[in-house]
Amino acid sequence: MSLFTRLFRITAALLLCSTAMADVPQELQTVVLEGNLYGRSSLDFNKNAKNITSLIPEGSTGTVIETRKLKRTGSYGVKVRLSTIGKDMGKTTAKKDDEVWVYYSQKDPWLSFQDKKGEDIQDPESALTTQAKRDGEGLKADAGVVVNPTLPTKRDAKNLEKQKEEDARKAAEAAAKAAAEKAKETDPNLALNKDKTKTEGGFQETCTTCQTGNTRNVQDLSDVSKEVAKRDPSAKKDPKDPWADDPYISGYENSKVVEKTIKAAKRLKAKRSKRLCYKYVKNALLAGDMIDSYPPGGFARQGVSDLKAQGMVNLLDNPKYKALIKKPEDAPKGAVLVYRTGSQPGHIEIKSGKGSDSTYISDYESSNNIQKTVKGVYRAKIGKPYELIGVMILPPEKL
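Here the sequence shown is numbered in the numbering used here, starting from 20 and rising by one per residue.
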């Protein structure tokens with residue numbers, strides 16, 4: 020075997036090894052509490068559980084001992100050994116070296132994790148799942164715990180929501196019918212009139228307050244004119260709602276999914292950027308039912324392919340919309356905006372309003388999109404701007 024062949028094989032083996040290592044999820048080591056959490060003596064997070072041992076203040080840190088996956092989608096129990104106790108907001112019995120269970124959820128991520136090198140873990144879901152499977156192997160699952168749960172689908176949730184709406188509609192109709200029947204018994208205007216002298220003419224004593232036929236006709240024509248003006252395609256569009264005449268886009272903007280996602284993004288955001296924009300946007304989309312599962316990508320610029328895999332579409336792939344969306348302000352309300360900038364991870368954010376009257380939410384909320392921030396202006400100046408490559412929305416059939 021020639022020296023060249025040996026070197027080639029060694030190089031190929033090293034490349035395969037490094038690739039395999041890159042796919043291994045980061046190993047959990049340190050956990051940091053970003054909010055006040057209850058410390059529990061057992062893996063039971065039910066509302067009425069009597070296992071709370073202490074209130075652990077925000078800023079506390081600890082070492083991850085064990086994790087277990089819970090029944091609720093994206094939820095985990097994490098057992099930690101406390102290393103430091105955060106600034107006390109009141110009396111707390113938590114002490115260093117206490118071992119307690121704390122709760123983590125994609126929808127309420129009040130924990131952040133670091134690996135053994137002290138680096139932030141970009142995808143806690145993957146790391147938690149890996150360790151949960153390892154910790155749960157061969158162990159009897161505690162009450163309320165499923166090591167490998169079957170996750171509910173988005174269709175299941177929609178069917179349940181439709182059933183609730185149908186039950187509420189039937190209940191409202193029954194209540195209205197019952198109220199009408201009761202009103203007939205008590206309201207003299209609905210009761211059957213048996214006095215022939217009491218016709219409607221008998222109630223009119225003067226015509227001075229009656230509207231004349233001509234006046235009524237003029238008013239009717241005025242109402243029709245206003246309605247025609249509203250529907251006239253040549254009428255001036257509202258700058259605050261540029262997509263009002265596009266049913267495809269306006270249907271998305273005004274959907275319950277968009278409203279729920281924006282509320283989740285505002286609830287989950289931090290006060291300032293943590294350089295974890297994609298993590299926070301993933302959690303917001305999941306909490307708002309915009310997507311069904313946690314996207315795998317580690318960089319924000321991968322948001323286009325990740326979200327397409329979840330059924331979302333990129334408006335910039337359509338020539339009609341690409342011609343209309345020249346800048347982030349032109350995007351619809353609720354759109355997920357994806358940017359790339361050279362070889363950097365890029366940026367991703369959710370547009371919270373219509374037209375230019377909007378904020379932009381990632382791991383924090385700003386009145387400016389990334390292109391108009393100090394960082395965005397600087398990168399544009401040095402020739403490496405944030406390029407808008409994705410305006411992602413759900414198509415009507417997915418709403």
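Backbone N, C-alpha and C define an ideal beta-carbon position, used for all residues, glycine too.
Under the criterion of beta carbons closer than 8 Å, Leu356 and Gly409 qualify as touching, at roughly 7 Å.
With fewer than 16 other beta carbons inside 10 angstroms of its own, Ser375 counts as exposed. By the Cβ-count criterion, Ala187 is exposed, with fewer than 16 other Cβ atoms from all chains shown falling within 10 Å of its own Cβ.
Contiguous alpha helix (DSSP H) elements confined to the stretch 78-120 do not occur, taking only those with 4 or more residues. Under the three-state reduction of DSSP output, Lys370 falls in the strand class. Per DSSP, the beta bridge partners of Asn333 are Met411.
Looking from the CA of Lys90, the closest CA among Asp117, Arg59, Glu77 and Tyr122 belongs to Tyr122. The Cβ-Cβ distance between Val97 and Gln48 does not fall below 8 Å.
The beta carbon of Ile281 sits closer than 6 Å to the beta carbons of Ser371 from its chain, once the five residues preceding and following it are set aside; these are given in chain order. Spanning the alpha carbons of Gln390 and Pro261 requires a straight line of approximately 21 Å.
Between Asn388 and Arg291, the alpha-carbon positions lie close to 14 Å from each other.
Taken through DSSP and simplified to helix, strand or coil, Asp139 comes out as strand. DSSP places Arg59 within a strand segment (E or B) once states are collapsed to three. Pairing Ala328 with Pro364 gives a Cβ-Cβ distance that is not under 8 Å. Here the C-alpha atom of Tyr271 lies approximately 40 Å from the C-alpha atom of Trp120. Around the CB of Asn302, 16 or more other CB atoms lie within 10 Å, so the residue is classed as buried. Excluding the 5 residues flanking it on each side, Gly316 has same chain C-beta neighbours closer than 8 Å at Tyr297, Gly322, Ser324 and Asp325, in chain order.
Contact check between the stretch 61-75 and the stretch 131-141: fewer than three CB pairs, one atom from each, fall below 8 Å, which does not count as touching.
In the DSSP secondary-structure assignment, Glu406 is bridged to Arg359.
Looking at the DSSP output, Tyr123 shares a beta bridge with Tyr95. A Cβ-Cβ separation of about 6 Å places Gln125 in contact with Tyr313 under the 8 Å criterion. With respect to the 8 Å criterion, Gly353 and Ile369 are classified as neighbours on the basis of their beta carbons. Taking C-beta separations shorter than 7 Å and ignoring five residues to either side along the sequence, the partners of Ser102 in its chain run Thr80, Gly81, Thr82 and Lys115, following chain order. Just so you know, the alpha carbons of Ser60 and Glu118 end up roughly 8 Å apart.
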